[in-house]
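Colleague:
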Amino acid sequence: MNQRTGKLFALFLTVLLALNPLAGCGSASSGETAQGGGESQAPGQKMMVAAAPTAPINMDPYKSYGDNAYGHKQIYNALIYLEGQDRETKCDLAESYEVSEDGLTYTFTLRKGVKFHNGDEFDAEDAQFSVLMAPKSEFSRQYSSDIVGCDILDDYKIAIRLKAPNVSILERLSNIFMMNKEVYEKFGENYGVSAESVCGTGPYLLSQWIPGSECIFEANSDYFKGEPAIKNVKLKAMPDENTAVIALQTGEIHLYIGDIPGIAWDTIANDQNLNLVTYASSKLYDYIMNCKDGMFSDLRMRQAAAYAVDRQNAMNIGVEGHGYVADYPGYPNFKGRPDIENIWPYQVDLDKARELVKEAGYEGAPVSVKSYALEPYSKLATALQSELTSIGLNATVELMEKNTYIEEVLNNGNYEIGVIRHYPEAAMDMYEMMNMFLEEQIPGWNWTWYVSSVMEDILPKAAGEQDPQTRKDLYAVAIQDFVDNVPLIPLYAPVGNRAFTKDLTIDPGNVQYEMFNWYSWAE
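Per our numbering, residue 59 is the first one in the sequence shown, and the count goes up by one each step.
(1) Is residue 558 helix, strand or coil by DSSP?
(2) Which class does residue 476 belong to by DSSP, given the choice of helix, strand or coil?
(3) Can you give me the Cβ contacts of residue 573 inside the same chain, cut-off strictly under 7 Å, excluding the 5 residues immediately before and after it?
(4) Report the rounded CA-to-CA distance for residue 190 versus residue 118, giving the unit in angstroms.
(5) Ignore the nearest five residues each way along the sequence and tell me which others in residue 367's own chain have a CB closer than 6 Å to its CB.
(6) Shortest alpha-carbon distance to residue 173 belongs to which of 283, 344, 333?
(7) Between which residues of its own chain and residue 43 is the CB-CB distance below 8 Å, once the five residues before and five after are set aside?
(8) Residue 137 to residue 109, Cα distance in whole Å?
(9) Would you tell me roughly how many angstroms separate the C-alpha atoms of residue 436 and residue 457, rounded to the nearest one?
(10) Looking at C-alpha atoms only, which residue of 157, 233, 228 is the closest neighbour of residue 120?
(11) From 577, 163, 570, 579, pick the residue whose C-alpha is nearest to that of residue 640; which is it?
(12) Is the stretch 425-436 touching the stretch 448-462 in the sense that three or more CB pairs, one from each, lie closer than 8 Å?
(13) Cα separation between residue 79 and residue 308?
(14) Would you call residue 405 buried or exposed, if buried means 16 or more other Cβ atoms sit within 10 Å of its Cβ?
(15) Thinking residue 550 and residue 441 are a contact (beta carbons under 8 Å), I'd like their distance in whole angstroms, please.
(16) Buried or exposed: where does residue 91 fall if 16 or more other Cβ atoms within 10 Å of its Cβ makes it buried?
(17) Once the 5 residues before and after residue 520 are set aside, which same chain residues still bring their CB inside 6 Å of it?
(18) Which full runs of the beta strand (DSSP E) of 3+ residues lie inside the stretch 189-231, going along the chain?
(19) Check the C-beta distance from residue 403 over to residue 541 and give it rounded, since I have them as a contact under 8 Å.
(20) If we ignore side chains and look at the alpha-carbon of each, how far apart do residue 261 and residue 134 end up?
(21) So what does DSSP say about residue 60, is it helix, strand or coil?
(22) So what does DSSP say about residue 552, is it helix, strand or coil?
(23) Okay, do the stretch 494-513 and the stretch 336-356 touch, 3+ Cβ pairs below 8 Å being the bar?
(24) Is the distance from the Cβ of residue 346 to the Cβ of residue 408 below 8 Å?
(25) Going by C-alpha distance, which of 197, 140, 160 is nearest residue 126?
(26) Nearest CA to the CA of residue 180: which residue from 240, 464, 454?
(27) Out of 244, 480, 104, 248, point me to the one whose CA is closest to residue 288's CA.
(28) Starting from residue 371 and walking both ways along the beta strand (DSSP E), at which residues does that stretch end?
(29) Just the C-alpha distance for residue 154 and residue 207, rounded to the nearest angstrom, thanks.
(30) In terms of residue numbering, what span does the beta strand (DSSP E) encompassing residue 164 cover?
(31) For the beta strand (DSSP E) holding residue 429, just list the boundary residues, first then last.
(32) Could you give the C-beta distance for residue 536 and residue 516, rounded to a whole number, given that I count them as a contact under 8 Å?
(33) With distance defined between alpha-carbon atoms, name the residue in 162, 266, 414 nearest to residue 114.
(34) Could you please give me the residues that DSSP links to residue 179 through a beta bridge?
(35) Residues bridged to residue 347 by DSSP?
(36) Taking the straight line between their C-alpha atoms, what separation do you get for residue 112 and residue 276?
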């Protein structure tokens, strides 16, 4: 344990003992948990305590981004879900599906007898409502931009119509959660802002909730896949990774839904009370640049930044080298990756970068690097500040609270250059490029405001192309446009990991999905 970690550990124990003198007398593995100040739970009712970098602030999937999904996935189901290391698509609320010969219509037969948490039965009207809500929302439009209609065929059958064939549509549908139409319309704008307004079909009910701080979930005894083995779960915000490591070691938490920092891998792996499982992460860290306004609307400045950035160093800073240096904004294990060697041509060349800055007329110009005030974003921002300074710019860092960053930078484009993480989740298709580089995703997911006639033409064609080699050839053209115009600088894809106590057991292939009902108490 290093000096900093030791101090954190000491501080943690001091605070905990001050709050409850008995708290240090046991751990989660002895049958006691952080819930209730360490009091024992009745057999079968022990509470699993999970932590994540942030806790949900909104339980409406159509009004909230990314990390809120830690809660969404416990409460809701989709028509399709993903399972296993290879992200296999399987039926969830759909019982089966058929695809039309032209690839434009997907007909889903829904499961009968599935109940929402309030006792209402899920049916085609709820499914149609949910599917049609998705394209209207900037938060779910990335998964649903190809959907042009949804027809009710009978009480338990719907037909989803697409504007063009898309080989990744099933993976996309796994992110479109099914809502209770009546409840959603009843609460309107207030849906998802309180525990009372939330209603899904999922494995857990939201029992208590302090937005941004913690949630308590209770098992759904009527869950159509069977009542979860773990009956009670607390999810709490724990933004500091080092604090999470300590909390795992002391038994304060059973599970951390976030990547353990590389420096702590050996500590966790060698702890006889803990498990560390790795997987191919669907996360990708980037430096994004505003291609519409400011200095980075000049291609020469984007190229200068690309020549200045050491991506290997960024990966060392972010995950202690536990990852893969990225060369385009796509899923690391993308099955349709074009056969291109050395995709990213911008190796570190400070002289070349300085020449471009001078040529563009920005020597000595001020530039602000905007970032979440969280790790590893702030460290990456500081590294970028140094790199931009080294090529003749007057760079500063502005760290921002997460929701402020989302609103100001991602939604409104009020930035020059920034640090971001995104999830190129589709293993079958490069639809992440469609999200990030098509004009229809502005505002929303095209955070760089980059618009290209090549992307507008090629990406929709590639997404619907059934022949794998032809699809690869089309994506090769899109990738060439990407590297020629540098709307963002891909950094690295970390090796994903989940750390949890040996009180828990789960299929290692499923740790990446953040589903609490897939865990059980170890015997």
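The C-beta atom is built at its ideal place from N, Cα and C for all residues, glycine as well.
Modeller: By the coordinates alone:
(1) strand
(2) strand
(3) 131
(4) 15 Å
(5) 445, 547
(6) 283
(7) Because the chain here runs from 59 to 581, residue 43 falls outside it and cannot be looked at.
(8) 27 Å
(9) 7 Å
(10) 233
(11) No statement about residue 640 is possible, as the shown extent of the chain runs from 59 to 581 and does not include it.
(12) yes
(13) Caution is warranted here: a pLDDT of 32 is assigned to residue 79, below 50, making its placement in the model unreliable, and no coordinate value can be reported.
(14) exposed
(15) At roughly 12 Å, the Cβ-Cβ gap does not stay under 8 Å, so residue 550 and residue 441 are not in contact.
(16) Bear in mind that a pLDDT of 39 at residue 91, under 50, signals an unreliable position, so the number given afterwards is only what the model happens to contain. Result: buried.
(17) 529, 532, 533
(18) 205-212, 215-220
(19) 6 Å
(20) 8 Å
(21) Only weak support is given to the placement of residue 60: the predicted model assigns it a pLDDT of 40, under 50, and the value that follows is read from those uncertain coordinates. In this structure, residue 60 counts as coil in the three-state DSSP scheme.
(22) strand
(23) yes
(24) no
(25) 197
(26) 240
(27) 104
(28) Note, residue 371: premise wrong, no beta strand (DSSP E); alpha helix (DSSP H) at 369-377.
(29) 19 Å
(30) 163-168
(31) 424-430
(32) 5 Å
(33) 266
(34) 173
(35) 475
(36) 20 Å
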